[in-house]
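For reference, the structure discussed in these notes is given below.
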Amino acid sequence: MTVLTLPVEPGRATAQPAVPWRRMAWVTWRQHRAMLTGVTALLAAVSVFLLIEGLKIRSDYTAMINCRTACQPADNEFGSTDWTLANTLGIFMLLAPALLGAFTGPALLGREIEAGTFRYAWTQGIGRVRWTVAKLILLGVALAILTGAFSQLFAWFFDPFLGNSVGFTDLTATVFTTRGIAFAAWTVLSFAIGAFFGMLIRRLIPAMVATLIAYLGVYLLAWLVLREDYPVAITTSGPVASGAVVATSVNSPTALTPNAPWILKTWVTGSTHWTRYIPVSRFWPMQFIEAGWLLVLAVALGAATVWLVRRRAA
Amino acid sequence: MNVIETAGVGKRYGKSWALRDCTLAVPEGSLAALVGPNGAGKTTLMNMAVGLTIPTEGTVTVLGGQATGSPAALDDIAFMAQDAPLYKNLSVADMLHLARNLNRRFDGPFAQARLTDLGIPLKKKSGKLSGGQQAQVALTLAVARRPRLLILDEPLSSLDPLARQDFMATVMTTMADEGMSVLLSSHALAELERVADYLIVLGTGQLRLTGEVEDLLATHRVLTGPAAEADRYAGQVAVVQAKRGDAQAHLLVRSSGSDDPVPPGWEAHPVSLEELTLAYLRATSQAVPRQPGTAEPQPGNNKKHYQATEAAR
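Chains as they are written, first to last, in our numbering: chain A, 1 to 314; chain B, 1 to 313.
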């Protein structure tokens, strides 16, 4: 018996253009507008608070500086009341990218799989790869813009506390990630981690937990290991007895001035005292390096997510 | 052209096979009924056809050789998954808008008109609709894409008898108007008996029977005769199923045509599609004969099969 092999028909669709990407904008907005408006509303509410408090802190600071007699109350207001608030908000700022990512990322695919709606979404003409890529990019960019703008306001709010008795600078690890472009980059990474785990684990709550744990892991890795090796540090040496800079901790600069460098490491070999530090002037190179690898990691996770969507269909 | 073609396709989940060694071809323009008990592999086969599941072995192509899940294939295949998944927090109107944005072709006016006819409020959230209404919305979304192939996974299970008729009427009308092919799965064959013109029977992950309904009915019949002669006679024809009473035996046999000679003392009756399907589902042998004409001839297997079946009785 002869087997007839017919040439594959070109098919009507191949000749015609695919569903345009921009159609996904409405789809993404309609499906995720509750999340997007929720995040926007939350950040906007905190922004208003930061604006009001930021102005108050500045007037407190001026009052403290200009104070000539009976300065205890003014000192307290700025150094104690205002600082406690800023410090607390600063801690929340460290957690914010993790929480934002955990609440937005896993839902993207995890909810579709839990509800079975992926069987609808992934069998439409647009195709599931386009559907996933468009959503990841649109939501990632939206989160980057929202959190980027927000972190500028927070940086302004926190500025009065830098380089004074509190001992923080731009390069203090806990300050560094709340300003510049790092905050947005951390949030985008957190979202990408969340989306990846949402697809990998396929259940919302476990994926959220996994996102928080993975985020913490990457954060500690950056803080304790990677930043020291960003190629912006300077190493200087001097005789041990010369009274050169001596730092005891990686993250606490020795001199409490706005220009205090970030001392990474000090060590002694023979009679030479070595110091490895990052000058404050290199804040932006540090920011770009950090945001750079975070975004590369985020894109890699996004690609892995798309690969899972392609491969691990139910 | 075949709208679905599989060659030795199988899917394994962990250590168990959901479907194995399945070779079939559904011709264009047919309403193919995919029947079998729960867990027979119906959903697995359908998911493969729409690219949601990747086969562990073998190949599946759709619409004349296109790869499953490819943009070209997805463009021309509409799939209504089991339990008709819709976005519960989206209104029906939003679901229509969503479908319009996710597809190159979408007949919005048709969809709106049909839903209005059915009395389904467009402003209502999908999750607030009854199960039957959700199935109707899902069908409307699928049909309005004007697909060349419509794949429906257990679409009737959530519908009451009246709605089942309406549902099938819509499917049949669209088939006639658009030249659409349909693959529809069900564990209840009764509803499909009158409308299906192609049959695929799956039992516990294996293809039991496949072919044009007309051919299947023409090549199978029930022979009734004395029980004492049944064993001797069974050696001469392909027996799918044998039922024996004290005096009489009923043999469901496969024949080359209705003019096959009937042995003296025996009577031949036509078989119903449901009887035929159940008989093939009960025949648990591995080597169930396929519908002649679709698969390569396997004379040895056939003989082995009915002997095995006989022995099991």
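Just so it is clear, CB atoms sit at the ideal spot from N, CA and C, and this is done for glycine as well.
request  = Taking C-beta pairs closer than 8 Å, name the residues in chain A that residue 38 of chain B reaches, listed in chain order.
outcome  = Reading the second sequence from its first residue, position 38 is the one you call residue 38 of chain B. Simply none; closest approach about 17 Å.
ask   = Which ranges would you report for the beta strand (DSSP E) in the stretch 240-278 of chain B if only whole runs of at least 3 residues count?
value = 248-254, 267-270
inquiry  = If I measure Cβ to Cβ from residue 255 of chain B and keep anything under 8 Å in the same chain, skipping five residues before and after, which residues do I get?
reply    = One-based indexing of the second sequence puts residue 255 of chain B at position 255. Here the set comprises 219, 220, 221, 237, 238.
task = Please decide whether residue 268 of chain A counts as near chain B, where near means a Cβ-Cβ distance under 8 Å.
result = Locating residue 268 of chain A in the first sequence gives position 268, counting from the first residue. Judged by the 8 Å Cβ criterion, residue 268 of chain A is not in contact with chain B.
query = In three-state DSSP terms, what is residue 272 of chain A?
reply = Along the first sequence, one-based indexing puts residue 272 of chain A at 272. Residue 272 of chain A falls in the strand class under three-state DSSP.
ask   = At a Cβ cut of 9 Å, what residues of the stretch 40-52 of chain B count as close to chain A, listed as they run along the chain?
value = 47, 50, 51, 52
request  = Can you tell me which of the three DSSP states residue 27 of chain B falls into?
outcome  = Taking the first residue of the second sequence as 1, we reach residue 27 of chain B at position 27. Three-state DSSP puts residue 27 of chain B in a strand.
request  = Please check if any C-beta of chain B sits within less than 8 Å of the C-beta of residue 155 of chain A.
outcome  = Translated into positions along the first sequence, residue 155 of chain A becomes position 155. Closer than 8 Å: no.
task = For the stretch 114-131 of chain A and the stretch 43-58 of chain A, state whether three or more C-beta atom pairs, one from each stretch, are separated by less than 8 Å.
result = no
message = Taking CB distances under 8 Å as the criterion, tell me whether residue 301 of chain A reaches chain B.
response = Against the first sequence, residue 301 of chain A aligns to sequence position 301. Answer no: the Cβ-Cβ gap between residue 301 of chain A and chain B never drops below 8 Å.
ask   = Of all the options B:36, B:47, B:16, B:39, which has the alpha carbon lying nearest to the alpha carbon of residue 6 of chain B?
value = Here residue 6 of chain B is taken as the residue at index 6 of the second sequence, counted from 1. For residue 6 of chain B, the nearest C-alpha among the options comes from B:47.
Neighbourhood of residue 182 of chain A by C-beta distance below 7 Å, restricted to the same chain and skipping five residues each side = Taking the first residue of the first sequence as position 1, residue 182 of chain A is located at position 182. Counting only Cβ-Cβ distances below 7 Å, and skipping sequence neighbours, we find 176, 287, 290, 291.
key: C-beta neighbour in chain A for residue 230 of chain B, strict 8 Å   = As a working note, residue 230 of chain B is residue 230 in the second sequence. Output row for residue 230 of chain B: interface = no.
ask   = From which residue to which residue does the beta strand (DSSP E) around residue 130 of chain B run?
value = Counted from its first residue, the second sequence places residue 130 of chain B at position 130. No beta strand (DSSP E) holds residue 130 of chain B; DSSP gives it neither H nor E.
key: Reduced DSSP category for residue 22 of chain A - H, G, I as helix; E, B as strand; rest coil   = Position 22 of the first sequence holds residue 22 of chain A. Looking at residue 22 of chain A - three-state DSSP - the assignment turns out to be coil, as it is neither helix nor strand.
request  = Output yes or no for whether 8 Å exceeds the beta carbon distance between residue 92 of chain B and residue 122 of chain B.
outcome  = Reading the second sequence from its first residue, position 92 is the one you call residue 92 of chain B. Reading the second sequence from its first residue, position 122 is the one you call residue 122 of chain B. Yes, these two residues count as a Cβ contact at 8 Å.
query = Considering only the beta carbon of each residue, do residue 212 of chain B and residue 198 of chain B sit closer than 8 Å?
reply = The count along the second sequence starts at 1 and reaches residue 212 of chain B at position 212. The count along the second sequence starts at 1 and reaches residue 198 of chain B at position 198. Cβ distance < 8 Å, so residue 212 of chain B and residue 198 of chain B count as in contact.
ask   = Do we get a CB-CB distance below 8 Å when we pair residue 117 of chain A with the residues of chain B?
value = Numbered from 1 along the first sequence, position 117 holds the residue referred to as residue 117 of chain A. True, the Cβ-Cβ gap to chain B drops below 8 Å.
inquiry  = Just checking: is the beta-carbon of residue 23 of chain A within a distance shorter than 8 Å of some beta-carbon in chain B?
reply    = As a first step, residue 23 of chain A must be located in the first sequence, where it is residue number 23. It does: the Cβ of residue 23 of chain A has a partner Cβ on chain B nearer than 8 Å.
request  = Might you give, ordered along the chain, the residues of its own chain that have their beta carbon closer than 7 Å to the beta carbon of residue 113 of chain A, omitting 5 neighbours on each side?
outcome  = Looking up residue 113 of chain A in the first sequence gives position 113. These residues qualify, in order along the chain: 202.
message = Quick check: is the beta carbon of residue 19 of chain B nearer than 8 Å to any beta carbon in chain A?
response = Against the second sequence, residue 19 of chain B aligns to sequence position 19. It does not; no Cβ of chain A falls within 8 Å.
task = At 8 Å on the CB atoms, spell out the chain A contacts of residue 109 of chain B, in chain order.
result = In the second sequence, counting from the first residue as 1, residue 109 of chain B sits at position 109. Chain A residues near residue 109 of chain B: none, gap ~18 Å exceeds 8 Å.
key: Cutoff 8 Å: residue 71 of chain B Cβ touching any chain A Cβ   = For this step, residue 71 of chain B is matched to residue 71 along the second sequence. Closer than 8 Å: yes.
query = Using a C-beta cutoff of 8 Å, does residue 184 of chain B count as contacting chain A?
reply = For the purposes of this step, residue 184 of chain B is identified with residue 184 of the second sequence, where counting begins at 1. Chain A contact via Cβ: absent.
ask   = In the structure shown, what three-state DSSP assignment does residue 42 of chain B receive?
value = Position 42 of the second sequence, counted from the first residue, corresponds to residue 42 of chain B. Correct three-state label for residue 42 of chain B: helix.
request  = Buried or exposed for residue 214 of chain B, please, with buried defined as at least 16 other CB atoms from any protein chain shown within 10 angstroms of its CB.
outcome  = Taking the first residue of the second sequence as position 1, residue 214 of chain B is located at position 214. Residue 214 of chain B should be labelled exposed.
request  = Specify the secondary structure class of residue 1 of chain B as computed by DSSP and reduced to three states.
outcome  = In the second sequence, the residue the question calls residue 1 of chain B occupies position 1. Here residue 1 of chain B sits in coil by DSSP.
query = residue 30 of chain A touches chain B at which residues, Cβ-Cβ below 8 Å?
reply = Position 30 of the first sequence, counted from the first residue, corresponds to residue 30 of chain A. Per Cβ cutoff of 8 Å: 90, 94, 97, 98.
inquiry  = Assuming residue 223 of chain A and residue 149 of chain A are in contact, meaning their beta carbons sit under 8 Å apart, how far apart are those beta carbons, in whole angstroms?
reply    = As a working mapping, residue 223 of chain A is identified with position 223 in the first sequence. As a working mapping, residue 149 of chain A is identified with position 149 in the first sequence. The Cβ separation is near 25 Å, so there is no contact.
Host alpha helix (DSSP H) of residue 109 of chain B (start-end) = Your numbering for residue 109 of chain B matches position 109 in the second sequence. From DSSP, the alpha helix (DSSP H) with residue 109 of chain B extends over 108-117.
message = At the 8 Å Cβ level, is residue 233 of chain A part of the contact set with chain B, yes or no?
response = On the first sequence, residue 233 of chain A is found 233 positions in, with the first residue counted as 1. Output row for residue 233 of chain A: interface = no.
query = Taking Cβ-Cβ distances shorter than 7 Å, what residues in chain A pair up with residue 83 of chain B?
reply = In the second sequence, residue 83 of chain B corresponds to position 83, counting from 1. Residues of chain A passing the Cβ test: 116.
inquiry  = To the nearest angstrom, how far is the alpha carbon of residue 33 of chain B from that of residue 3 of chain B?
reply    = Residue 33 of chain B sits at position 33 when you count from the first residue of the second sequence. Residue 3 of chain B sits at position 3 when you count from the first residue of the second sequence. About 14 Å.
key: Proximity test, residue 268 of chain A beta-carbon vs the ligand FAD heavy atom, cut-off 7 Å   = Among the components modelled here there is no ligand, and therefore nothing to report on the ligand FAD.
key: Neighbouring residues, chain B, relative to residue 19 of chain A (Cβ below 9 Å)   = Your numbering for residue 19 of chain A matches position 19 in the first sequence. Residues of chain B passing the Cβ test: 71, 75, 101, 102, 103, 104.
Residue span of the beta strand (DSSP E) that contains residue 157 of chain B, given as start and end = As a first step, residue 157 of chain B is located in the second sequence; it is residue number 157 there, counting from the start. Careful: residue 157 of chain B lies outside any beta strand (DSSP E) and carries neither H nor E.
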